[in-house]
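Each residue of the sequence shown is one higher than the one before, starting from 70 at the first, in our numbering.
Using N, Cα and C, we set each Cβ at its ideal position, and we do this for glycine too.
For clarity, every value in this text was computed on a predicted model and none was experimentally measured.
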Amino acid sequence: MRSCETLIDRVERQLGGVTGREIVTALPLAMDKLERIIAREGDDDGERLKPYYIAQLVAEQIRSARAEAYFARVNQKSAGAIAPNALQSTVTILAQNFEGVKGASGNV
Numbered sequence: 070m071r072s073c074e075t076l077i078d079r080v081e082r083q084l085g086g087v088t089g090r091e092i093v094t095a096l097p098l099a100m101d102k103l104e105r106i107i108a109r110e111g112d113d114d115g116e117r118l119k120p121y122y123i124a125q126l127v128a129e130q131i132r133s134a135r136a137e138a139y140f141a142r143v144n145q146k147s148a149g150a151i152a153p154n155a156l157q158s159t160v161t162i163l164a165q166n167f168e169g170v171k172g173a174s175g176n177v
């Protein structure tokens, strides 16, 4: 590892590439998380203050933001694909499957 390796270099090594916007958005959130970790568990003799640790938190935040964006897109695309009566159909099927179970009823 180079001694002059930047935070961006470290994050890119973990994720395979990041945008400036991702770094700018993730850094304050990662620093907030770091503060909470240190307040709760200490700095582990300075280990949690090292650049690699901060880079790991930034990378985690970017992964989380990417996953959130992905699932938001999937949810948006599939929102119209759900039949209007899907919930009632599901409730009916569940009620039929649990008719013999003590205390279960078909009424919801």
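- In this structure, I123 lies away from A95, with their beta-carbon atoms at least 8 Å apart.
- The residue from R90, T75, L126 with its alpha-carbon nearest to that of D101 is L126.
- With contacts defined as CB atoms closer than 8 Å, I77 and V93 fail to qualify as a contacting pair.
- Between Y121 and R90, the C-beta spacing is not below 8 Å.
- Under the 10 Å beta carbon count, A138 is surrounded by fewer than 16 other beta carbons and is classified as exposed.
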